[in-house]
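Same order as they appear, the protein sequences are chains A and B.
Heads up: the first sequence begins at 18 in the numbering used here, then just goes up one per residue.
Heads up: the second sequence begins at 3 in the numbering used here, then just goes up one per residue.
Where is the CB? At the ideal position from N, CA and C, for every residue including glycine.
Please read these numbers as outputs of a predicted model, since none were measured by experiment.
Here the structure comes first, spelled out in structure tokens, and everything after it is commentary.
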Amino acid sequence: MELVCPAGSLPALEAAVDNGADAAYIGFSDETNARNFGGLNFNDKNALRALDRIRSRGKKLFVAINTYAKPVSFSRWQAAVDRAAGLNADAVILADIGLMGYAAEKHPDLALHLSVQASATSAPALEFYRQQFRIRRAVLPRVLSLKQVQQLTSASRVELEVFGFGSLCIMAEGRCHLSSYVTGESPNQNGVCSPARAVEWRNTASGLETRLNDVLIDRFDAHENAGYPTLCKGRFMVDGKRQHALEEPTSLNSMALLPELKAAGIQAIKLEGRQRSPAYVAQVVRTWREAIDEVLKRGEDFSVKGRWRETLAKNSEGKQTTLGAYDRPWQ
Amino acid sequence: MLAVRRSISRMGYRFGCKLLPMLPSWPGEVAFIKMLNTRLSEELQEGLFDFLDNQVLEVTVTDLGIRLRVSKHNQYFVRAPGGRPADSTISANIADFLAIASGREDPDTLFFQRRLCLGGQTEIGLTVKNRLDALDRSRIPQWSQRWLEVIAAELAVVAH
């Protein structure tokens, strides 16, 4: 099972490799990737350095170009694919069907991974992408239960990667337009759930308030944990009660399911967090490396160690970690 | 031995908390900005901090009462003009700032736990965080990195 780790900067990439990543995924410094924040990601010079570090350690480098191209600037997304191919990256992670067509035709030797943003949840969908674009791997959306993941692995003819750990969102991957409702920008096309220029944190007498484009989306009491300032995790008045109407700030942690995922034939585990620092990457990657090694050694006798749980809980968004949809019996 | 060290650290920290708020902030600010200009000269040349041009970033070390106001002008960090309100603010206690600087803790983690606070224009604070995360730590002399780690570890115990 391959451990695929996030890197928003060169030091984060080094932290990933030093702590046991099999592969690191990066993005370029623009809206062609879904973590388009100021100061984050790789220009051409740093991407080359990243490749150099990866190659010297015998690991893999993936480039996420996982937003949807705008009709007027499709060439920017094409250029990103060309840059990744020029780098000789081990794969590009794509969501846009037009871009996949371009990559498959222009760079037939470049491995394609279907991004979680493409939201392919069925065997026929995966097969379509394989036949049309020769995708090698698909990252499964986080809406699937464990049983559905197991069914897919037996039917799929491409490698499957699932999310192991990281901030959870409302999980309408590739289809979420919530933030564009208040900011005009969506993660799908602009690469950010909440553009930082539209975010405001303000300390008031009634607590820490966060606003997105002047719309109040949450207010935290003194001892409450804060979350990312996204509309889906805001608290709103519903039926006279202030509550998380859509999603609570929380992090996915599927470590307890590692034996089942391995038995099902999942080829790779992805960790979320290109927006996080090298300190997060080091702690989370080391923890998952140890856990995967333990699963490979012990198989079904595997159990999650207390200190692993503590490290992951500490680095989580929100107060809790959850199995997310993996554990939704109604599915 | 450890108990002696801890008690010296605790005394030093308490002394700092009492004394530093009584001192003027400009000598610290001048030294801080000089250090930034020396350490980040390469990044300044590359334009990686141009987003701070004529903006005021205010860094507050809450427990020590230290307030550092930084701006940028003509390829250099400069002291921000007094009286002008900050465009962006970052505050935390000294232990948490050093935990971030030494790579012990992730800033987002501290932010979720309300130990690191951002105010004003979020984009400036976020970009500063990301630019500092991306710095090549191998350029920091080994001894100074080691000292930072030791002090950060010590303060993580005594300053909470």
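Residues of the segment 30–54 of chain A with Cβ closer than 7 Å to any Cβ of chain B, in chain order = F54
Between the beta-carbon of L59/B and the beta-carbon of I126/B, is there less than 8 Å?
-> yes
For L57/A, which option in F150/A, P125/A, L27/A has the closest C-alpha, if you only look at C-alpha atoms?
-> L27/A
Among all the DSSP beta bridges, which residues are the ones paired with W218/A?
-> T227/A
Contact check, G183/A vs L269/A under 8 Å by CB: the rounded distance?
-> 6 Å
Residues, ordered as in the chain, of the segment 94–124 of chain B that lie near chain A by beta-carbon distance below 7 Å = G105, R106, E107, D108, P109, D110, T111, F113, F114, Q115, R116, L120, G121, T124
Check whether the Cβ atoms of L340/A and A273/A sit closer than 8 Å, and answer yes or no.
-> yes
Report all residues from its chain with a CB closer than 7 Å to the CB of N50/A; omit the five preceding and five following residues, and keep chain order.
-> G44, N58, A81, I82, N83, T84, G208
Rounded C-beta distance between V179/A and K287/A? I'm assuming under 8 Å.
-> 7 Å
Quick one: is F53/B near chain A, going by C-beta distance under 8 Å?
-> yes
Distance between G103/A and Q348/A (C-alpha atoms, nearest Å) = Caution is warranted here: a pLDDT of 49 is assigned to Q348/A, below 50, making its placement in the model unreliable, and the coordinate value is therefore given only provisionally. Each residue's alpha carbon lies about 43 Å from the other.
Using the beta-carbon count (16 or more within 10 Å), is L275/A buried or exposed?
-> buried
L59/B CB to nearest chain A CB: under 8 Å?
-> no
Should L128/B be flagged as near chain A, meaning a C-beta pair shorter than 8 Å?
-> yes
How should E48/B be labelled, buried or exposed, when 16 other C-beta atoms within 10 angstroms of its C-beta is the threshold for buried?
-> exposed
Would you check if the distance between the CB atom of Y29/A and the CB atom of D135/B is smaller than 8 Å?
-> Here residue 29/A turns out to be Ala, not Tyr, going by the sequence shown. Cβ atoms of A29/A and D135/B: closer than 8 Å.
Rounded separation between S140/B and G30/B - CA only = 26 Å
Hey, out of L21/B, L137/B, T62/B, whose CA is closest to A97/B's CA?
-> T62/B
Cβ-based contacts, 8 Å cut-off: residues of the segment 318–343 of chain A near chain B = K331, N332, S333, E334, G335
Leaving out the 5 sequence neighbours to the left and right, which residues in its chain are closer than 7 Å to R86/B when beta-carbon positions are compared?
-> V58
Cβ-based contacts, 8 Å cut-off: residues of the segment 276–304 of chain A near chain B | Q292, R293, S294, P295, A296, Y297, A299, Q300
Would you mind sorting A135/A into buried or exposed? The rule is 16 or more other CB atoms within 10 Å of its CB.
-> buried
Enumerate in chain order the residues of its own chain whose CB-to-CB distance from G224/A is below 6 Å, with the five nearest sequence positions on each side excluded.
-> R236, F237, D238
Taking 8 Å as the CB-CB limit, is A213/A close to chain B?
-> yes
With DSSP as the reference, label C186/A as helix, strand or coil.
-> coil
Tell me which same chain residues have a C-beta within less than 6 Å of the C-beta of Q95/A, skipping the five on either side of it?
-> Y119
Cβ of V216/A less than 8 Å from any chain B Cβ?
-> yes
Runs of alpha helix (DSSP H) wholly within the segment 41–111 of chain B (minimum 4 residues, chain order) = 43–47, 96–103
Do you know offhand how far V232/A's Cα is from V199/A's?
-> 7 Å
Contacts around E151/B, its chain only, beta-carbon distance under 7 Å, and the 5 residues preceding and following it disregarded = S104
Where does I10/B land, buried or exposed, given buried means 16+ other C-beta within 10 angstroms?
-> exposed
What residues match up with E31/B in a beta bridge as DSSP calls it?
-> According to DSSP, which records beta bridges pairwise, E31/B is partnered with nothing at all.
Whole angstroms is fine: what's the gap from H261/A's alpha carbon to R228/A's?
-> 15 Å
Do the CB positions of D138/B and R293/A come within less than 8 Å of each other?
-> no
Per DSSP, which one or two residues make a beta bridge with E178/A?
-> V156/A, A285/A
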